[in-house]
Amino acid sequence: MKECEKNERSNRRQFLRRGVISAWFAGLCQAVGIWPSPARAAQPVAGLAGKALGPEFTYDLAQLRKVDPKLLQYRETGSLPLGLKESRGLVLDAEDNLYVAGDRAVVILDRNGKALGQVRLDDSPRCLSLGRDKSIFVGFKDHVEVYSPGGERRARWEKCGPKAVLTAIAVSENRVFVADAGSRMVHFYDLNGNLQKSLGKKTPGSQGPVFIIPSPYFDLAIGPGNLLWVANPGEHRLEVYTMDGEAEFSWGKYSLAIDGFCGCCNPVHFALLPDGRLVTSEKGLPRIKIYSARGEFECVVAEPEQFAKYLDTAAANPMGLDVAADSKGSILVLDSMSAAVRIFQHKARA
Amino acid sequence: MPETVPNNHRRQFFGAGIRGAFLFVLGAATSLFARYTQKEKMVWQIDPSKCVQCTNCATKCVLQPSAVKCVQAYPMCGYCKLCTGYFEPQPNRLNTAAENQLCPTGAIIRTALEYPYYEYTIEESLCIGCAKCVKGCTLFGNGSFFLQVRHDRCVNCNDCSIALACPGHAFKRVPASQPYLLKNREHQA
Amino acid sequence: MEYVDVAVLLGALSAASYLSLVKRRRSHLLVLSLFSLLYFGFYRKGCICPVGSIQDVVLALGNQGYSVPVTVLAFFFLPLIFTLFFARGFCAAVCPLGAIQDVVVVKPVKVPHWLEQGLSIIPFVYLGLAVLLAATGSAFLICQFDPFVAFFRRSGSAGMLVLGIAFLLVGTFFGRPYCRVFCPYGAILRVLSFFSKWNVTLTPNDCLRCEICDVACPYGAIREPAEAEPSLSTRPARVRLALLILLIPLLIGGLGWLGSRLSVPLSKLHKVVSLAEQVALEDANPATPPTDASKAFRQTGRPVNALLADALRIRQQLVTGGWLFGGFVGLVMGIKLASLFVPKNRTVWEPDEAACLSCGRCFTYCPKELVRAKKVQRKNAIPLKPV
Ligand code: SF4
Ligand code: SF4
Ligand code: SF4
Chain A
164 MKECEKNERS
174 NRRQFLRRGV
184 ISAWFAGLCQ
194 AVGIWPSPAR
204 AAQPVAGLAG
214 KALGPEFTYD
224 LAQLRKVDPK
234 LLQYRETGSL
244 PLGLKESRGL
254 VLDAEDNLYV
264 AGDRAVVILD
274 RNGKALGQVR
284 LDDSPRCLSL
294 GRDKSIFVGF
304 KDHVEVYSPG
314 GERRARWEKC
324 GPKAVLTAIA
334 VSENRVFVAD
344 AGSRMVHFYD
354 LNGNLQKSLG
364 KKTPGSQGPV
374 FIIPSPYFDL
384 AIGPGNLLWV
394 ANPGEHRLEV
404 YTMDGEAEFS
414 WGKYSLAIDG
424 FCGCCNPVHF
434 ALLPDGRLVT
444 SEKGLPRIKI
454 YSARGEFECV
464 VAEPEQFAKY
474 LDTAAANPMG
484 LDVAADSKGS
494 ILVLDSMSAA
504 VRIFQHKARA
Chain B
1129 MPETVPNNHR
1139 RQFFGAGIRG
1149 AFLFVLGAAT
1159 SLFARYTQKE
1169 KMVWQIDPSK
1179 CVQCTNCATK
1189 CVLQPSAVKC
1199 VQAYPMCGYC
1209 KLCTGYFEPQ
1219 PNRLNTAAEN
1229 QLCPTGAIIR
1239 TALEYPYYEY
1249 TIEESLCIGC
1259 AKCVKGCTLF
1269 GNGSFFLQVR
1279 HDRCVNCNDC
1289 SIALACPGHA
1299 FKRVPASQPY
1309 LLKNREHQA
Chain C
1244 MEYVDVAVLL
1254 GALSAASYLS
1264 LVKRRRSHLL
1274 VLSLFSLLYF
1284 GFYRKGCICP
1294 VGSIQDVVLA
1304 LGNQGYSVPV
1314 TVLAFFFLPL
1324 IFTLFFARGF
1334 CAAVCPLGAI
1344 QDVVVVKPVK
1354 VPHWLEQGLS
1364 IIPFVYLGLA
1374 VLLAATGSAF
1384 LICQFDPFVA
1394 FFRRSGSAGM
1404 LVLGIAFLLV
1414 GTFFGRPYCR
1424 VFCPYGAILR
1434 VLSFFSKWNV
1444 TLTPNDCLRC
1454 EICDVACPYG
1464 AIREPAEAEP
1474 SLSTRPARVR
1484 LALLILLIPL
1494 LIGGLGWLGS
1504 RLSVPLSKLH
1514 KVVSLAEQVA
1524 LEDANPATPP
1534 TDASKAFRQT
1544 GRPVNALLAD
1554 ALRIRQQLVT
1564 GGWLFGGFVG
1574 LVMGIKLASL
1584 FVPKNRTVWE
1594 PDEAACLSCG
1604 RCFTYCPKEL
1614 VRAKKVQRKN
1624 AIPLKPV
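Chains as they are written, first to last, in my numbering: chain A, 164 to 513; chain B, 1129 to 1317; chain C, 1244 to 1630.
Next up, the structure:
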C-alpha cells in the first residue's frame, strides 16, 4: 500500500517535472524562432501544403477550345500522312502539288498524297517557296539555297547575318523576299541572291522596331495586285507593302475572341486564297480562320479542339501549323505533331 | 563499469563471435558501397521540359509556401508588351492594374524598357509556384517562365513529396554543385 | 555543411555511449537528447536521418543510376557500428525521432509481455517492406510515413500533422510508440544491440530484486529473473523446441509465397506501374477519364508498349523481391517464436539487451545504483579539510 502511494507521488512529481521541462523547451524553441508563432502564421501568402488551390489559380481556356458551330464553316475532309518527324513549311504549286519542308528534306506529294519526289538537304529547312519555273527556294536558319525542280542545288546564298533566323520566303517575278525573325527584318533579294534592301531597319527618328517578333514566327506572302503581305505578330497585325517596301495598309487586333489574334504574337502563319482572301493560323490557341483582304473576319476553318496535341503540349513554340490554299479553295494545314497535312473544305462545297 | 555475472563466459564468447561476424558484414557492406558512393550531395530539381504545369508544386511541397518558384530565362523571353504570363487571358488594358494580372499573388513585376519592350521579373517572396504564369507563357509565348526548386528554401527531403505527386515525372536528383536545370535559348525553335 | 553533420553525429554518438555506459546519468542523457532534437530535428529539419538512409543505401544497391553521397552512408553506418559495441545510445540521445517521443512520456502503462513480443515483429516487417519498395524504386515508405518530420519543418500536410500528433498522444502513455512498434532502423539496432559488447546494466552483482527498475522503465525493457528454468531438461520441451526450429523453413516458404503474391498491389505504388495501368485502362476503355499523368505521358509521344514493358519489369522485380521479403518475415517470426522457448539463465532483474533504449531512467531509481553513484561521487569529491 505504502509503496503504491510512494509510486503515485513519484509519478506526480515526474509529471510536474516533465511539465517544467516541456515549458522550458517550448520557451527555448520560441526564443530561437523554430516554433510556429502567430506572427509567422500570418504570412501574406496562405499556407498551401496539402490543400487544393482556389479557382483563381487555374489557367482555364477550356471554353475557348471550341468555337460557335455557326462560325465553323469548314470540315476536315482528309489528311495526307508525311512520314516526317518534324515539318515546318508547306507550299503548293500551280498544279496543287504539295511541297513540305521538314527533317532534312523537301517532300513533294500530289494533292492525293502520292509521293512525287524528295529533295535531300544537308541541314534542317525552316521555310520554302517556289519560283515561276518551279525552282525551290529553301530557307535554313541563316541562309537560302535554291534547288532545281529536279532537286539539284543551283545556288547557296550568303548568310543573312549573325542573328538570322529565317522563317518565310516569297518569290515574285524578279525578287525574293525573306523574313528574318532573328534580326526582325524582311530582306529583298534579286533572283540571284544579291541583297537589295531590308525592310524594318531601325531608323534614327523611329520610335522602335517596325516588326515586333517575340518568338520565331514571322510570315510573309505575295498577294494579288503585286502586294507584299507581312505578318507583324507582336502587334497582332497583318501589314501590306508594295513590292518596293512602301507601307500600304494594315489591319488586325489583339483578342481572345474569335475575330482577333490571341496570345503575345499571332498570327504565326497565313496564306492567300486564290480570290485574295486570307487564311491565318494562330499558336497557343491553334485556330485557323478566314479574313477578307480588308481584314473583316469571315469564318473559322478549324477550332482549337481539332489540334488537341498542340493545346496540350508542354513545350513552347511548337512546329508546324503552316497553312496553304489550293486552287479550288480548300485549306491545307501542316500538322507537324501528327506528321500530316490536314485538308479542310468548305461545308457548302464539300 | 560494473562487472558482469561470471557464469556468462560461454555467452560472452558466443557474443564476441557474432559481433565479429556483424562487424565483418558491415565492413564488407561499406566497401561494397564505396563503388556506389560519390562525394557530392544530390538535390531535387524539376526538368522544365517535362513539367506540365499542374499546380502540384504549390500544394504538395512540405513547405508552405512551396520551395518551388517560377524563374525567368531572360535570353528566351520575348519582352512582349502583351505578356501572356503576366496578363489575364483577356486583359482590359495592358497596364499593371491588379485585375489585369494573371498571377494570383501579384508576384510578377513589369518594367518598361526601351520601346516596345517590357521586362518581367519574379518576386520570389510572393511566388507560390502554382505554374499559372508558366502555363500562360508556355502556351502562347516562348516558355521563358518555368518552375525550379529554389535551394535556398528547399529542405531537400529524402523523398520529395512533390516528386511523388508530379504527373510529368519531372523531378529528378541532380548534383548539388549544379542544382538548377535551366532552360536556355538552345531549346527554342 | 554535411560534413559538420557527420561530425556532430559522431560526437553525439560518442557522448551518448559514454553517458549511458560509464557516466550513467539520466539528466545528462536528457540534455544530450534535447540537443539532438534541436540540432538534427529542428535545425537540420530531420533530413537526412539514419532511419531514412536505409532507403537511400538500398536504392543505390538496386539502381545503377543513383549513388549515395558519402554523408548519407556515414549516417547509415555510424550508428550501427556504435550499437555493435555500445548498445542503443543512438536511440537514447541522438535520434531526433526518439528524443521527441522521449520528452512526452507522462504516465507509461505496462504492456503485457506477449503483446510486447508480438509487436516487436512489426518493425522487421516494416523494414522488409521499406527495403523492398526502395530497392525497386517504388517508394520511400519510411519518409512518406515519417510521423515527426512535419514538426521538425514546422510545416506539412494535414495528414502528416495528424499522424505526428497521434503518435505523440499515444506516446504519453505508451512510451515511444514509433521506436517500439514501427522504427525499421530500430529493428536492425535491436539485433546489433543484442550482440553488443557492452550493454546498459544496473547492478547485476548486488541486485536487491526490488523491481523498482521495472517500474521506472517506461519502455517495458526490464526482464525479470528467469531462474535458469530447467525447461530443456524434459523431453517434451526439447521436442517442442526442435519442432519450432523445423517450423522455420516452413514459415519462410509460406510467407515467401504470400510475399510474392503482394507484387501486384505493391507495384501500384510505383509511379511507372500506376501510370502504365492508367494508360492501359484508357486504351481498353476510351470512356476512362485521363489523369494528369496519363495526359503528360501521351504528350511525350513515347510508345505505350515501352511503358508497359517497363511496368512489367518492375512487377517482376517485385515478385522476386516479394519472395525475399516474405521469407525474411518468416525467418524473423520463426526465430522470435523459438527464442521464447529457449531457456534464459537470468538471475536478476536487468534490461533486455535488445529492447533497452539506453535512456538511463532506471539509473535514477535503482537503490543500489544510487548507492554506487554516491560512492563514486564521494570518491571524486575534493575533501574539505580544515586549514
Ligand atoms: S508537379 Fe511536376 S508537372 Fe506539376 S507543376 Fe510541378 S513540376 Fe510541373
Ligand atoms: S503565377 Fe504562380 S508560378 Fe507564376 S509567379 Fe505567380 S505564383 Fe509564381
Ligand atoms: S524536396 Fe521537400 S522542400 Fe524541396 S521541393 Fe520537394 S517537398 Fe519541397
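Beta carbons: idealized from backbone N, C-alpha and C, even for Gly.
Query, Result
"With 16 other Cβ atoms within 10 Å as the buried cut-off, status of residue 429 (chain A)", "buried"
"Closer than 8 Å to chain A by CB, residue 1542 (chain C)", "yes"
"Segments of 3+ residues assigned as beta strand (DSSP E) that fall wholly inside the segment 400-477 of chain A", "400-405, 410-414, 432-435, 441-444, 451-454, 460-465"
"Range of the contiguous beta strand (DSSP E) that encloses residue 350 (chain A)", "348-353"
"Buried or exposed (CB count within 10 angstroms, at least 16 for buried), residue 278 (chain A)", "exposed"
"Delimiting residues of the beta strand (DSSP E) encompassing residue 395 (chain A)", "390-395"
"Ordered list of alpha helix (DSSP H) runs contained in the segment 1467-1514 of chain C, each at least 4 residues", "1478-1504, 1506-1510"
"Within chain C, partners of residue 185 (chain A) - CB distance below 7 Å", "1346"
"Residue 222 (chain A) at chain C interface by Cβ criterion, 8 Å", "no"
"Residue 1258 (chain B) Cβ short of 7 Å to ligand 2 heavy atom set", "yes"
"contact_flag[the segment 1544-1555 of chain C, the segment 1574-1591 of chain C] where n(CB pairs < 8 Å) is 3 or more", "no"
"Residue-level contact to chain B via CB, residue 1534 (chain C), 8 Å cutoff", "yes"
"Exposed unless 16 or more other CB atoms sit within 10 angstroms - verdict on residue 1227 (chain B)", "exposed"
"Per DSSP, cross-strand counterpart(s) of residue 112 (chain A)", "Residue 112 (chain A) is absent from the model: chain A starts at 164 and stops at 513."
"Any non-hydrogen atom of ligand 3 within 7 Å of residue 1458 (chain C) CB", "no"
"Residues that residue 1538 (chain C) contacts on chain A, provided the C-beta gap is smaller than 9 Å", "475"
"Cross-chain neighbours of residue 1314 (chain C) in chain B, by beta carbon under 8 Å", "1169"
"Exercise answer, beta-carbon shell around ligand 1 heavy atoms below 5 Å", "B:1174, B:1179, B:1180, B:1182, B:1184, B:1185, B:1259, B:1294, B:1296, B:1298"
"Within chain B, the residues that residue 1299 (chain C) reaches when beta carbons sit closer than 8 Å", "1286"
"Nonlocal neighbours in the same chain, by C-beta distance under 7 Å from residue 273 (chain A), ignoring five residues either side", "260, 279"
"Residue 509 (chain A): first and last residue of the uninterrupted beta strand (DSSP E) it sits in", "503-509"
"Any non-hydrogen atom of ligand 3 within 7 Å of residue 1195 (chain B) CB", "yes"
"Simplified DSSP state of residue 296 (chain A), which is helix, strand or coil", "coil"
"Pick from A:444, A:486, A:460, A:479 that is closest to residue 467 (chain A), judged by C-alpha positions", "A:444"
"Under 8 Å between C-beta atoms of residue 342 (chain A) and residue 381 (chain A)", "yes"
"Whole-angstrom distance between residue 442 (chain A) and residue 1203 (chain B), CA atom to CA atom", "32 Å"
"Option nearest residue 247 (chain A) by Cα separation, candidates A:407, A:287, A:238, A:392", "A:287"
"Exposed unless 16 or more other CB atoms sit within 10 angstroms - verdict on residue 1356 (chain C)", "exposed"
"Separation of residue 1284 (chain C) from residue 1605 (chain C), as counted between CA atoms", "26 Å"
"Selection from A:398, A:215, A:255 that minimises the alpha carbon distance to residue 426 (chain A)", "A:398"
"Heavy atom of ligand 2 within 7 Å of residue 1292 (chain C) beta-carbon", "no"
"Outcome for residue 1335 (chain C) when other beta-carbon atoms lying within 10 angstroms are tallied against a minimum of 16", "buried"
"Closer than 8 Å to chain B by CB, residue 1310 (chain C)", "yes"
"Presumed contact (8 Å Cβ cut-off) between residue 1435 (chain C) and residue 1577 (chain C), rounded CB distance", "With 8 Å as the limit, residue 1435 (chain C) and residue 1577 (chain C) do not qualify as a contact, their Cβ atoms being about 20 Å apart."
"Inter-residue spacing [alpha-carbon to alpha-carbon] between residue 201 (chain A) and residue 1286 (chain C)", "Bear in mind that the predicted position of residue 201 (chain A) carries a pLDDT of just 36, short of 50, making it unreliable; the figure below should be weighed with that in mind. Near 20 Å, if we compare the C-alpha coordinates of residue 1286 (chain C) and residue 201 (chain A)."
"Residue 1151 (chain B) at chain C interface by Cβ criterion, 8 Å", "yes"
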